[in-house]
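In the working numbering, the protein residues as written are 3 to 149.
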């Protein structure tokens, strides 16, 4: 996880994505270590899973890998729910991903879901708020044109 964080901090998105995927693979395959209390293990595992899903999803959203971003960010949401700094970008990229996937498949409900996520992102103060609000308005207008 430290390698994924460091790569993300240094704008090395391909490396960060690879490390995040490795963390997800390891945490989803391994059981609790015997010398760690169950509650401690679950808390640590959920924290690391949330961060790894978030890193993967945000990078995939930025790289226009919408299906992967949608999947990973949906896994991340319940695990990062108390972290506003992570929620803003996660909801932003979920909005973009759902809009794009909805447009590609002519799925109005998914396009509107993109608007919902964009509105939620806009409500969180931060770097994504203004663009998320603009996206929500544009997505709603686009949804009106889909049958």
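All C-beta atoms in this analysis are idealised placements derived from N, C-alpha and C, irrespective of residue type, glycine included.
Small disclaimer: the values here were computed from a predicted structure and weren't measured.
Contact between the region 28 to 35 and the region 64 to 74 is absent: fewer than three C-beta pairs spanning the two stretches fall below 8 Å. A Cβ-Cβ contact shorter than 8 Å links residue 120 with residue 97.
DSSP places residue 72 in the helix class (H, G or I) of the three-state scheme. By the criterion of at least three beta-carbon pairs nearer than 8 Å, the region 67 to 76 is in contact with the region 97 to 107. For residue 11, the enclosing alpha helix (DSSP H) stretches over residues 4 to 11. Within a 10 Å sphere around the beta-carbon of residue 91 sit 16 or more other beta-carbons, which makes this residue buried.
One alpha carbon belongs to residue 11, the other to residue 5, and they sit about 10 Å apart. About 6 Å separates the beta carbon of residue 126 from that of residue 89, a gap short enough to meet the 8 Å contact definition. For residue 41 and residue 107, the gap between their C-alpha atoms comes out near 42 Å. With a cutoff of 8 Å on beta-carbon distance, residue 81 and residue 55 are scored as near each other. Only exposed fits residue 13, as fewer than 16 other CB atoms lie within 10 angstroms of its CB.
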